[in-house]
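Read through the structure below, which is laid out as structure tokens, and then see the notes.
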Amino acid sequence: MLQRRPRVRSVRVKSLFSPEMSLFAVILYLVEFGRGAALISFIPIYGKNALGLNLDVIGLAVAAHYLTDTVVKLAIGYLMNRLSVRTIVVGALLLSMAGMLLMGFTPVPWIFIAASGLFGIGISPIWIVCLTRVRENRRGTQMGVLYTIWLVGLGSGPAVTNFTLEIGAELTFWIMAAVSAAALLLSLFIPREVHAEMDYVPFRRQLAMLGDRLKEMNLLLPGMVLQTLAAGMLVPILPSFAEDYLGLSHPQYSLLLLIGGGCTAAGLIPMGRLSDNLGKKWFLVTGFCLFGLALCALTGISTLGLSFAWALVLGVAYAAVLPAWNALLAAYVPPGQQGLGWGVFSTVEGIGGLIGPGIGGILAEAFGEPSVVRFAGFIFIAISLMYMIFPFRTFRGEGAAGDTAR
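UniProt numbering numbers the first residue of the sequence shown as 1 and each following residue consecutively.
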């Protein structure tokens with residue numbers, strides 16, 4: 001028995017953390033570090049303070065990022081059936097790094113917006129590749145692991161750059177450029193023979209299959225767009241809201257993000273396991289409601305302690321939503337068509353992320369940042385109420401995945 005234990009343990013570790021998946025996870029972390037640093041800190045803060053751009057222009061820069069990100073998601077499934085993972089990821093990261101470098105050297109608003117769009121090209125491929133390797137029988141748990149990596153990267157990026165922005169924008173830019181270069185360098189180590197794990201089906205047949213799935217999940221489509229729209233509205237205005245209305249310095253804003261992001265990261269895996277065992281509906285209903293209430297509460301507080309407390313609530317609510325939501329979507333991905341399936345679903349979600357930043361910037365210029373935060377909170381509460389009245393069967397994916405009723 002003593003001789004068998006090491007072999008059993010090593011097999012489990014290998015199955016959970018293969019060298020290829022470990023490499024993908026590191027690249028995913030670096031890519032999301034750069035995205036978080038750019039969208040949550042560098043573009044809003046540098047654009048406003050260093051370039052003197054209005055919030056509506058900053059919103060357009062963020063929207064340009066999501067536009068290219070969405071276009072790539074739409075095409076990624078088609079590309080995965082024809083090109084190797086290495087070719088796709090390396091090519092996308094090359095374009096993304098070019099956008100990053102361009103952002104740091106242009107004072108012209110329209111070039112800044114275009115550079116942000118170019119930067120968005122490299123974000124999607126590595127994420128879709130990771131999603132295609134999620135096991136069907138452990139969707140919630142493995143989505144929790146992937147989202148922990150994603151969230152740690154997305155949160156640590158602005159946490160680091162908010163501190164370095166106190167020293168200087170140039171230092172912040174070169175840190176972001178170095179992270180982009182590291183992700184590109186690591187992508188060169190992806191084996192040439194690695195392809196997405198998908199069976200070949202003619203493209204028209206794939207679209208027909210996905211059209212059927214979208215019809216089956218039509219009740220979920222409004223939520224797919226509204227939740228990313230509300231989140232997108234917050235991206236261009238969060239730094240100025242934290243500074244001007246919550247009275248936070250850049251380091252305190254970093255701490256706020258670390259509290260919320262840390263609670264989410266700590267809760268993703270256990271929440272994923274619970275949603276696997278208990279079902280997904282009430283995780284979504286409760287999580288969206290708490291998230292909306294916390295956003296509304298943030299606009300009416302005046303103390304640092306309460307800001308951090310509501311950031312904790314936001315983190316817990318987000319941890320409840322993410323694994324359940326993405327495990328739910330996974331039930332509607334056609335077998336063997338993960339690349340195209342996740343690409344199309346991410347594109348539908350991306351519609352909200354595309355228009356949200358522009359709306360948030362325009363509303364902030366007209367009515368102020370707190371009004372945008374409150375409006376986003378109302379949208380999340382409305383999503384919660386909408387999902388509350390949906391039938392439970394919608395949230396198990398029986399019609400798409402053939403799951404048995406719990």
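Built from N, CA and C at the ideal position, the CB exists for glycine as well.
For residue i and residue j, what's the separation of their Cα atoms in angstroms?
i	j	result
G99	N326	29 Å
V372	A242	13 Å
S275	A324	6 Å
G356	V225	10 Å
G91	K48	31 Å
G155	T164	15 Å
residue 426	I27	Any answer about residue 426 is impossible in this case: the structure gives the chain only from 1 up to 406.
M21	E170	34 Å
G247	S240	10 Å
K281	C263	21 Å
K215	L329	13 Å
G279	G104	46 Å
S180	A37	11 Å
V71	E166	35 Å
G59	I359	8 Å
K73	A50	32 Å
A115	H65	8 Å
T299	W310	11 Å
I175	G168	11 Å
Y200	G157	A caution first: Y200 carries a pLDDT of 49, below 50, which makes its placement in the model too unreliable to give a value.
L221	S254	33 Å
Y318	L312	10 Å
I128	Y78	12 Å
R82	G272	33 Å
I126	G261	21 Å
A265	P19	23 Å
Taking the beta carbon of residue i as the centre, do at least 16 other beta carbons fall within 10 Å, making it buried, or is it exposed?
i	result
E369	buried
A183	buried
L322	buried
T303	exposed
F367	exposed
A178	exposed
F345	buried
P270	exposed
N277	exposed
R35	buried
G117	buried
I111	exposed
Give the single residue among the options whose Cα lies nearest to the Cα of residue i.
i	options	result
V152	L257, L298 and G360	L257
R86	G155, A230, I40 and C130	C130
L30	I359, I149, C263 and G352	I149
V316	A75, E32, L290 and I76	L290
H250	M21, S41 and I359	S41
T68	L51, G353, I379 and Y147	G353
L314	F288, L278, L95 and I301	F288
L295	V145, F33 and F375	F375
N162	M233, L238, G120 and L234	L238
V285	A364, I383, A311 and L229	I383
L185	T299, L93 and I351	L93
V145	G168, A25, M386 and L298	A25
M388	G223, L363 and G361	G223
Y46	Y245, P19, I113 and Y78	I113
T132	A266, A331 and I301	A331
L53	L385, I362 and M386	I362
E365	A265, F119, M233 and I126	M233
A297	G261, A266, Q252 and Y245	Y245
Look at the Cβ atom of residue i, then the Cβ atom of residue j, and state whether they are nearer than 8 Å.
i	j	result
M80	I88	yes
G377	L293	yes
A61	I43	yes
L23	F189	yes
P236	L102	no
A320	F283	yes
L39	Y147	no
V160	P109	no
E32	T228	no
I121	L95	yes
L219	F380	no
I259	F308	yes
S84	R192	yes
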